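Numbering (our numbering), first residue to last: 8 to 461.
Working notes, structure below.
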Amino acid sequence: MRFLFRGILIIVIILSSASYPQKIRIKIDGVKGEKFYLYSVSGEKTTLLDSLLNEDNGVFYHNNPSMFFNRGMYRVGYDGNKKIDFIYDGKDIDFQTTAADPVGAAKVNRSESNELFFAFLKLNKDYKTKSELLQLILSRYPKDDEFYTQAASRLAKLQTDYLTFVNDISQKNPGSFVARYIKSSQLPVVNAAVTQQEQLKYLRAHALDNIDFNEVELTYSDLYTNKSIEYLMYFSNPQLPKELLEKEFSSAVDSILERARINEFVYKHITEYLISGFRQFGFDVVLDYIVENYVIKDDICLDEQTGGMIKRRIDQAKLFKIGNTAPDITLNDINGKSITLSKIKAERVLVVFYSSQCPHCKDMLPELNKMYLSQSQKKFEILAVALENKKEEWQNFVKSYSSSLINVSDLKGWEGKTAGDYLIYATPSTFLLDKNLKIVAKPMTINEVKQHLH
Numbered sequence: 008m009r010f011l012f013r014g015i016l017i018i019v020i021i022l023s024s025a026s027y028p029q030k031i032r033i034k035i036d037g038v039k040g041e042k043f044y045l046y047s048v049s050g051e052k053t054t055l056l057d058s059l060l061n062e063d064n065g066v067f068y069h070n071n072p073s074m075f076f077n078r079g080m081y082r083v084g085y086d087g088n089k090k091i092d093f094i095y096d097g098k099d100i101d102f103q104t105t106a107a108d109p110v111g112a113a114k115v116n117r118s119e120s121n122e123l124f125f126a127f128l129k130l131n132k133d134y135k136t137k138s139e140l141l142q143l144i145l146s147r148y149p150k151d152d153e154f155y156t157q158a159a160s161r162l163a164k165l166q167t168d169y170l171t172f173v174n175d176i177s178q179k180n181p182g183s184f185v186a187r188y189i190k191s192s193q194l195p196v197v198n199a200a201v202t203q204q205e206q207l208k209y210l211r212a213h214a215l216d217n218i219d220f221n222e223v224e225l226t227y228s229d230l231y232t233n234k235s236i237e238y239l240m241y242f243s244n245p246q247l248p249k250e251l252l253e254k255e256f257s258s259a260v261d262s263i264l265e266r267a268r269i270n271e272f273v274y275k276h277i278t279e280y281l282i283s284g285f286r287q288f289g290f291d292v293v294l295d296y297i298v299e300n301y302v303i304k305d306d307i308c309l310d311e312q313t314g315g316m317i318k319r320r321i322d323q324a325k326l327f328k329i330g331n332t333a334p335d336i337t338l339n340d341i342n343g344k345s346i347t348l349s350k351i352k353a354e355r356v357l358v359v360f361y362s363s364q365c366p367h368c369k370d371m372l373p374e375l376n377k378m379y380l381s382q383s384q385k386k387f388e389i390l391a392v393a394l395e396n397k398k399e400e401w402q403n404f405v406k407s408y409s410s411s412l413i414n415v416s417d418l419k420g421w422e423g424k425t426a427g428d429y430l431i432y433a434t435p436s437t438f439l440l441d442k443n444l445k446i447v448a449k450p451m452t453i454n455e456v457k458q459h460l461h
């Protein structure tokens, strides 16, 4: 008879190996769900390996060792989005914890690797919290006060204890997965005596120093993704406009990927993560920078999901290089008159693809309209290609934002021939062409457009 044991979850996974079967036993107090889920971890990607019922007094057995195909980080999910990660190293694992505080309450009964792993997670959290508070105090407190000396001494001891664990206690078996994970995962230790600006400069220059980018096995964990986002935060500034912030992030990307190039597999792993992250948050300039300077330059073979997401972006970067000839365009204007790009009489033509649903287009098109009207002598034309399906929406947009430009559309939206010919993947997209349709520039912002046209 099956029944749900709601108070305690005991997970026992029986693994086979060439030498002897290994047991993974995880006891989680307070689990309420009927199932738990077993995942492998690689960066931010998780792969579901199995789901097991919380039955028979919460004891579960797993008899398919092939699922644990490598040493690395694995995850048990439960009660919706709750989870606990652990290290599999081919040896027995036995630990207990609580559903409410899986890391903080973890008590390892068997598994040296997981004992170190959980000790490191707890230490990392404690060190980060206390060191940041102490550094804040030291940056503002009078240096001639006794309390300043006490705070500085406390921070120094905190840093010493942290480094002792990372570089000594955790490295008794330096070849183990967990030792290598901790070595590369450690937080950077900065000199509290220098200014915050000097600390930030140091972090940008040295925060990646302890990471071994030549460790393929560490891609089977959250290491490289965690350290990448941690490093990017040193370049984040909410006070900066997006254009400048993207330049900062591009600089951070260079620091990360130049180091990752040492190992093809790690390089690919981190590149895919950065592409996914910058795409998710709409940093198209940084995404294009990665594609053009790393994916295409080094011919990185992205996984199917990542490659599919940005296929048009990659293809456009390859085919629409500066100096290449752009496809001709023949479309009707807003009055039904046929307009052909190659017949426009101008030394230069800026072709801009836009959509009425695009907020950035509503910022750029009026500025382009002003630029066009401000010419004392006509030096350029602007061909505004609308990716629209409804004529009324197109007409309203033109009236409000781009009435002085050459406005054309096939009213087929993103599925039209011209959008396909130019491999358009985002709006606004701009191409500055000479009279022979040679690509002169691909400006991303209105300021870049002005630089090329003035």
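Glycine included, every Cβ here is placed at the ideal spot set by N, Cα and C.
Source: prediction; values computed, not measured.
Whole-Å CB distance - residue 228 paired with residue 48, under 8 Å assumed
At roughly 6 Å, the Cβ-Cβ gap stays under 8 Å, so residue 228 and residue 48 are in contact.
Using 8 Å as the cut-off, can you tell me whether the region 413-421 makes contact with the region 383-401, which would need three or more C-beta pairs spanning the two stretches below that distance?
Contact between the region 413-421 and the region 383-401 is present, with at least three C-beta pairs closer than 8 Å.
Contact check, residue 394 vs residue 319 under 8 Å by CB: the rounded distance?
Actually they are not in contact, since the Cβ atoms of residue 394 and residue 319 sit about 13 Å apart, beyond 8 Å.
DSSP bridge partner residues for residue 138 (one or two, in chain order):
None; residue 138 has no bridge partner.
Would you call the CB atoms of residue 375 and residue 389 closer than 7 Å?
Yes; because the gap between Cβ atoms is below 7 Å, this pair is in contact.
Please report the straight-line C-alpha distance between residue 364 and residue 289, rounded to a whole angstrom.
Cα to Cα, the separation comes out at about 15 Å.
Minimum length 4: unbroken alpha helix (DSSP H) runs contained in the region 286-331:
Listed in chain order, they are 291-297, 311-316 and 318-326.
Among 298, 94 and 195, whose alpha-carbon lies nearest the alpha-carbon of residue 173?
Ranking the options by Cα distance to residue 173, first place goes to 195.
Rounded C-alpha distance that separates residue 460 from residue 453:
Within the model, the alpha-carbon separation for residue 460 versus residue 453 is close to 10 Å.
Residue 145 beta carbon less than 7 Å from that of residue 186
No, the pair does not count as a contact, with Cβ atoms beyond the cut-off.
Where residue 185 sits in the DSSP three-state scheme
Residue 185 falls in the helix class under three-state DSSP.
Own chain residues within Cβ distance below 8 Å of residue 455, not counting five before or after
The residues are 448.
Just curious, the beta strand (DSSP E) that residue 93 is in, first and last residue?
Residue 93 -> beta strand (DSSP E) spans 89-95.
Collapsed DSSP secondary structure at residue 37 in the structure displayed:
In the displayed model, residue 37 falls within coil according to three-state DSSP, outside both helix and strand.
Given residue 353 as reference, the closest of 166, 299, 386 and 161 once Cα atoms are compared
Out of 166, 299, 386 and 161, 386 has the C-alpha closest to the C-alpha of residue 353.
For residue 427, write down the residues that DSSP places opposite it in a beta bridge.
Answer is none; residue 427 lacks a bridge partner.
List the whole-angstrom C-beta distance separating residue 435 from residue 360, where the pair is believed to meet the contact cut-off of C-beta under 8 Å.
Contact check for residue 435 and residue 360: beta-carbon distance about 6 Å, within the 8 Å limit, so the pair qualifies.
Beta-carbon separation (whole angstroms), residue 412 vs residue 433, contact threshold 8 Å
The beta-carbon distance between residue 412 and residue 433, rounded to whole angstroms, is 20 Å. This is too long to meet the 8 Å contact definition.
Which first and last residues belong to the beta strand (DSSP E) in which residue 114 is found?
Taken as a continuous stretch (DSSP letters only), the beta strand (DSSP E) holding residue 114 covers 114-117.
On the CB-based measure, 16 or more other CB atoms within 10 Å of its CB, does residue 397 come out buried or exposed?
When all chains shown are included, residue 397 counts as exposed.
Spatial distance of residue 183 from residue 264 (CA atoms):
Answer to the nearest angstrom: the Cα atoms are 25 Å apart.
Is residue 104 near residue 35, with beta carbons less than 7 Å apart?
Going by C-beta atoms, residue 104 is nearer than 7 Å to residue 35.
Contact under 7 Å by Cβ, residue 333 with residue 438
Contact: yes.
To the nearest angstrom, report how far apart residue 181 and residue 88 are at their CA atoms.
Residue 181 and residue 88 have their C-alpha atoms roughly 33 Å apart.
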